[in-house]
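Numbering (this note's numbering), first residue to last: 1 to 621.
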C-alpha cells in the first residue's frame, strides 16, 4: 500500500479526521478491523465553515512512529500512544454524524470566546459535560500529528499559528493521559474522581462536620496519575486551558469530565487546609497550574487590558518547568495564551520552525523588552544554559532553578530608576546604562552542578560528607579570610559563614570588617570548626535555601563585598548596577562589549552605595 501524501492547504484551511468502520467475514460492522488495524478519512475544511469536531490534547511519546494507520486508503505511520487512543475511541454512526452536521458550525465560537460566551451565550459549566458528550464516539476530530504535515515547515508554521483558534472552535477537548498501566491505577483514579464528585456535589456544600474521606490507596492512584508524561508537556498549557470548551479526561477505557477532576482536587485542598496539613493528598501541581491559567485567560478575555509583555515573560518562565522535544515550542506553545490574555487579534510574532533556536529566543526577548519597556528579563539570564543564545537572552529551555533564591529573595530593589536601553547591529546587541560597583577578586565554585538537586530527605546525611565539609570551609574562609587567627576555624564561625550566605539578603553593610559576623546568633555548635553543621538544627529558611545555595557561587570583590550569584562567576568579572534591574548583575568583558554572567546578591549595597559611582554604558552581546 502506498504512503499517504498531503495535499497543500490554502490560507484559513485545516484538516479533520474521521474514524472508519470496518466489516468482519460475516459482513458485520466492527471497529477496529478484525486484524486490529485502524482506518481514518481526512478532509479539508475552512476553520470558519467546518462541522462540529473534537480536538485531542495528548503527548506524542519519545519513540519513533512505527504503527501503520490507513489514511484515505494509504499508509501513514503513527506513534503508539496515538494508536492507543484511536483504539479506545469509536466512529460516529452515520445517523449521529448527520444529526451533528445540522448543528451550527463552531467557527464563530472563536469570536464568542472573546465575548465571554459559549455557543449557548453563557460560560460553560458542568452541564455542558453531560453523559451524551462523555461518549467514545468522536465524529470529526483534530490531531496535530495527522492534521498537520509535520514535514512541511511552511504549513507547520501556518497551522501552529492558528492552533489557539482550532481548540477554541472545537465542541470538546479530550485530554488523553494514555493507556492503562499494568496496575490499573489510571482507571481507578478516574473512577475515584467520578465517584467523589457525584457524592459531594449532591450535598451542594461541604462542611467540616462532613469532610471528604478518601482512602489512602485511592489517593495513591491519583498521585500515580499525576506523574504521567502528559502533565509535563508544554503544549497542554494552551490546549487544556482553552476557555469555555468542555474538556474530558480519558485514561484507558475510563472517561471523566475535567470539571469533576478539578472539583475533587478542590475537596482535597480543603481537606488539607482544614487540618493545616503540609502535604495535600493526591496533589497535582500541574493540574492546579492549568486551572489557574484557564481562569487567567478567561479573566483577561472578559476584562481586556491590552498588550502586556510581562504576561508573555510570565508564561515563558513558568513554561520552563514543562517539557518540549522541540526547543522552539518553549516559546511558540505560549503565544496563543498570551494573545488571549492580551486581547490581540493575532500572535505577537509568527512561529517559524526554520529559524535557529537562539534566534527564536532572541525574538521573544526583544518583543518582551520593547513591549514592557523594562529590563527585568535580564534577571533570568545565566551563564548556565543549554542553548547558545546571546548573553542578554534567557535560555527558555532551561529551568534555571538555581537562580530562584537570587530573584525571589527579600533583597530590596537597588534603585527605582527607569530602564534605559537601546539596540544595535540589527538588535544583536543591547545597550544598557548603570554603575560598575566592583571587580570580583575570588569565587568559590558551586558544590554541585546547578542541574543537580539534593533531595531534602538526604540533606542531613549529605551535610556529614567530606565534600560538603570542604565546601563549607571554603565558604567560611572566603567570608573571614582577613580575620585574625583565621577565625573561620573557631567555634561557631563555620555556621556563621553559612548563615551569612543563606541570609545574605538581610545584611546591609559591606564585609570590610569580618568581625561583623562574630556576634551573630548561631543555632548550632561547631566545635573548633571540625564538624559540619547539622542543618536540621538551623532555621527552616536556611534549610529550605540549602539546596539552592549549594548550586551557586559565593564570591568576594576587591573592595571586600561578600556576594553570592550565578555559578559561572569568576575572578575578573564585574558587579554592575543597571538602571531598571532589581538585582546587581555580574558582567564579563568580551572584546569591545560585555556578556551577562547572571544576577547576584551583594551585601552592603542596599543602602545606595552604588548611586555615588559614575554612570557607565554597557554594550551587551
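C-beta atoms are modelled at their ideal positions from N, C-alpha and C, and glycine is treated no differently.
{"Check": "What is the DSSP secondary structure of residue 599, reduced to helix, strand or coil?", "Outcome": "strand"}
{"Check": "Going straight from the alpha carbon of residue 215 to that of residue 574, what length do you get?", "Outcome": "57 Å"}
{"Check": "Using the Cβ count rule (16 or more neighbours within 10 Å means buried), how would you classify residue 83?", "Outcome": "buried"}
{"Check": "State the start and end residues of the unbroken alpha helix (DSSP H) segment that holds residue 556.", "Outcome": "Per DSSP, residue 556 belongs to no alpha helix (DSSP H); it is in the beta strand (DSSP E), 553-557."}
{"Check": "Short of 7 Å in beta carbon distance, which residues of its chain neighbour residue 221, apart from the five on each side in sequence? Order them along the chain.", "Outcome": "185, 188, 189, 192"}
{"Check": "So, at 6 Å on beta carbons, what are the nonlocal neighbours of residue 255 in its own chain, with the 5 sequence-adjacent residues on each side left out?", "Outcome": "134, 248"}
{"Check": "Taking the Cβ atom as the reference point for each residue, do residue 582 and residue 379 lie within a distance shorter than 8 Å?", "Outcome": "yes"}
{"Check": "Along the chain, which unbroken stretches of the alpha helix (DSSP H) at least 4 residues long are found entirely within the stretch 349-389?", "Outcome": "357-372"}
{"Check": "Considering only residues of the same chain and omitting the five flanking positions on each side of residue 364, which have a CB-CB separation below 6 Å?", "Outcome": "331"}
{"Check": "DSSP on residue 336, reduced to helix/strand/coil?", "Outcome": "helix"}
{"Check": "Any heavy atom of the ligand SAM within a distance shorter than 7 Å of the CB on residue 431?", "Outcome": "Among the ligands in the structure shown, none appear at all, so the ligand SAM cannot be discussed."}
{"Check": "To the nearest angstrom, how far is it from the Cα of residue 418 to the Cα of residue 595?", "Outcome": "21 Å"}
{"Check": "Report yes if the C-beta distance between residue 47 and residue 147 is below 8 Å; otherwise report no.", "Outcome": "no"}
{"Check": "Measuring only the C-alpha atoms, how far is residue 24 from residue 67?", "Outcome": "22 Å"}
{"Check": "List the whole-angstrom C-beta distance separating residue 321 from residue 399, where the pair is believed to meet the contact cut-off of C-beta under 8 Å.", "Outcome": "6 Å"}
{"Check": "Going by DSSP in three states, residue 235 sits in which element: helix, strand or coil?", "Outcome": "coil"}
{"Check": "How is residue 77 classed by DSSP in three states: helix, strand or coil?", "Outcome": "strand"}
{"Check": "In the structure shown, what three-state DSSP assignment does residue 84 receive?", "Outcome": "helix"}
{"Check": "So, with DSSP's three-state summary, where would you put residue 563?", "Outcome": "strand"}
{"Check": "So is residue 240 buried or exposed if we call it buried at 16+ other beta carbons inside 10 Å?", "Outcome": "buried"}
{"Check": "Could you check which residue in 440, 290, 242, 566 has the C-alpha nearest to that of residue 559?", "Outcome": "440"}
{"Check": "Evaluate residue 294 with the Cβ neighbour count: other Cβ atoms within 10 Å of its Cβ, from every protein chain shown; 16 or more gives buried, anything less gives exposed.", "Outcome": "buried"}
{"Check": "Excluding sequence positions up to five away, which residues of its chain have a Cβ less than 6 Å from the Cβ of residue 679?", "Outcome": "The first residue shown for the chain is 1 and the last is 621, placing residue 679 beyond what the model contains."}
{"Check": "Between which residues of its own chain and residue 431 is the CB-CB distance below 8 Å, once the five residues before and five after are set aside?", "Outcome": "421, 422, 423, 424, 617, 618, 619, 620"}
{"Check": "Is residue 180 closer than 8 Å to residue 252 when the C-beta atoms are compared?", "Outcome": "yes"}
{"Check": "From residue 477 to residue 465, what does the alpha carbon distance come to, in whole angstroms?", "Outcome": "18 Å"}
{"Check": "Between which residues of its own chain and residue 262 is the CB-CB distance below 8 Å, once the five residues before and five after are set aside?", "Outcome": "287, 291"}
{"Check": "Does the distance from the CB of residue 137 to the CB of residue 90 come in under 8 Å?", "Outcome": "yes"}
{"Check": "Give me the DSSP bridge partner(s) of residue 31.", "Outcome": "DSSP output for residue 31 lists no bridge partner at all."}
{"Check": "With distance defined between alpha-carbon atoms, name the residue in 69, 467, 435, 258 nearest to residue 446.", "Outcome": "467"}
{"Check": "Count the other CB atoms within 10 Å of the CB of residue 217; is the residue buried (16 or more) or exposed (fewer)?", "Outcome": "exposed"}
{"Check": "What does a CB cutoff of less than 7 Å around residue 183 pick up in its chain, not counting 5 residues either side in sequence?", "Outcome": "none"}
{"Check": "Straight-line CA distance for residue 59 to residue 589?", "Outcome": "43 Å"}
{"Check": "For the alpha helix (DSSP H) containing residue 186, name the first residue and the last one.", "Outcome": "185-201"}
{"Check": "For residue 311 versus residue 338, is the C-beta spacing smaller than 8 Å?", "Outcome": "yes"}
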